[in-house]
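Protein chains: 2
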Amino acid sequence: MAAGATDELSLVFHALADPTRRAILSRLSSGEATAGELAEPFAISRPAVSQHLSVLESAGLIDRNARAQWRTCTIRTEPLDEVSAWIDEHRALWTERFELLDERLRDLKQKQQEQDNPQND
Amino acid sequence: MAAGATDELSLVFHALADPTRRAILSRLSSGEATAGELAEPFAISRPAVSQHLSVLESAGLIDRNARAQWRTCTIRTEPLDEVSAWIDEHRALWTERFELLDERLRDLKQKQQEQDNPQND
DNA sequence: CGGCCATGTAAGCAACTCCTTAATTAATGA
DNA sequence: TCATTAATTAAGGAGTTGCTTACATGGCCG
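If you read the sequences in order, they're chains A and B.
Residue 83 in full-length UniProt numbering sits at position 83 of the first sequence; the count goes up by one each step and never skips.
Residue 118 in full-length UniProt numbering sits at position 118 of the second sequence; the count goes up by one each step and never skips.
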C-alpha cells in the first residue's frame with residue numbers, strides 16, 4: 001500500500017510532477033515528434049523516454065499513433081482542463097477566505113490602535 | 001538517481017498528486033484546522049497526516065503556525081498561481097495548434113472531395 | 001512538579017519510481 | 001529473405017513514498 005493513486009486527477013498531477021515529462025510536453029507543444037526526436041535532447045536513454053511517454057499516455061495527456069515504425073506523439077488537452085478546474089475552484093475559495101482574513105486583520109489593527117492611543121479620539 | 005525532483009513546480013505537482021493531500025487542502029479551504037481534526041476523517045494515523053502536512057509545507061502550499069500545542073494549518077495560494085500559469089501557457093499553445101490542425105484537416109478534406117468529384121467544378 | 005494532552009520524529013517495511021542494459025517486436029528496403 | 005532502423009518490453013538496482021508502530025517533544029492544568 002504505497003504511492004499508487006489511480007484516480008484520474010492523481011494520474012495527471014503525477015505525470016506533470018517530473019521535469020523531463022513537462023519538457024517533453026513543452027517540446028510537443030511546438031509540434032508532434034517521434035520518440036527518438038524526444039529522447040535526443042534529454043541525455044537519457046530511449047527506453048526511459050518510452051516509459052515517460054507511457055506515463056503521459058496513461059494520464060491521457062498524449063496520444064501515440066503507431067504510423068509505420070515511427071510512433072508519433074500528439075497532445076491532448078482534456079486532462080489539463082480537469083486540473084485547471086480543480087485549481088481554479090480551490091483558489092477561488094482560498095482567495096475568498098484571505099479577503100475575509102484581511103478584513104478581520106484590518107479590524108483588529110484598528111481596534112488595537114484605538115486601544116493604544118485612547119486620547120487620540 | 002530516482003524519483004526526487006526538487007524544483008518548485010515538481011514539488012507542487014507532486015504534492016497535489018495524492019487524493020489524501022488534496023482532501024486535506026479541500027478541508028482547509030473551509031477554514032484552518034489542527035492536525036488532529038485533519039486526521040480524523042481520513043482513516044489513517046496521525047503521523048501519516050503529519051507527513052502529508054510536511055509534504056504540503058515543503059511545496060509551500062500551507063503554513064503551520066505552532067500556537068500552543070495545537071498546530072493550526074492555513075493555506076497559501078502562490079504555488080497554485082505558478083501551476084496555473086504553467087498550465088494556461090501550455091494549453092494556449094496546444095489549443096492554437098489544434099486549431100491549425102483543424103484547418104489543415106478541413107483543407108485536406110475539401111481537396112479530397114474535389115479529387116473524388118472533379119466534374120463538380 | 002508530574003501526569004496528560006496534541007503533535008512531531010524515528011525506524012522499519014512493502015510498493016512504487018526512474019534509470020539502466022539486454023532482448024524483443026515491427027516495418028523498411030536492398 | 002535478411003540486415004537495418006525505430007521503438008517497446010523485460011529484468012534488475014538505487015532511491016522514494018506512504019504507511020505503520022514506538023518513542024520523543026513541548027505546552028497545559030491538577
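Don't be surprised by glycine CBs; every beta carbon is placed ideally from N, CA and C.
As a beta-bridge residue in DSSP terms, residue 33 (chain A) pairs with A:73. When the alpha-carbon of residue 90 (chain B) is set against those of A:48, A:64, A:75, the nearest one is in A:75. For residue 81 (chain A), the closest alpha carbon among the candidates B:77, B:17, B:87, B:36 is that of B:87. The beta carbons of residue 35 (chain B) and residue 49 (chain B) sit closer together than 9 Å. Rounded to whole angstroms, the gap between the alpha carbons of residue 40 (chain B) and residue 15 (chain B) is 20 Å.
In the structure shown, residue 39 (chain A) adopts helical secondary structure according to DSSP, grouped into three states. Note that the C-beta distance between residue 11 (chain B) and residue 58 (chain B) is below 9 Å. According to the DSSP assignment, residue 11 (chain A) belongs to the alpha helix (DSSP H) that extends over 8–16. Taking the C-beta atoms as reference points, residue 8 (chain B) is found nearer than 9 Å to residue 79 (chain B).
Taking residue 26 (chain A) as reference, the option from A:93, A:61, A:95 with the minimal CA-CA separation is A:61. Under the three-state reduction of DSSP output, residue 87 (chain A) falls in the helix class. Boundaries for residue 61 (chain A): no alpha helix (DSSP H) harbours it, and the DSSP string shows neither H nor E there. For residue 44 (chain A), the three-state secondary structure derived from DSSP is coil. One thing to note: residue 77 (chain B) has its Cβ no nearer than 9 Å to the Cβ of residue 20 (chain A). Between residue 13 (chain B) and residue 66 (chain A) a beta carbon distance of about 29 Å is seen, past the 8 Å cut, so the two are scored as non-contacting. Against residue 19 (chain A), the close residues of chain B are 5, 7, 9, 10, in the order they occur along the chain (beta-carbon pairs closer than 9 Å). Apart from sequence neighbours up to five positions away, the residues of its chain that approach residue 45 (chain B) with a beta-carbon distance below 8 Å are 39, ordered along the chain.
Interface annotation, residue 24 (chain A): not in contact with chain B, CB-CB separation never under 9 Å. In its own chain, leaving out the 5 sequence neighbours on each side, no residue places its CB closer than 7 Å to the CB of residue 37 (chain B). At a C-beta separation below 8 Å, residue 62 (chain A) has no neighbours in chain B, since its nearest C-beta there lies roughly 11 Å away. The DSSP-derived three-state label of residue 92 (chain A) is helix.
Contacts with chain A (Cβ-Cβ distance below 8 Å) from the region 26–46 of chain B involve 26, 29, 30, 31, listed in chain order. Check the Cα spacing between residue 42 (chain A) and each of A:51, A:28, A:23: the tightest is with A:23.
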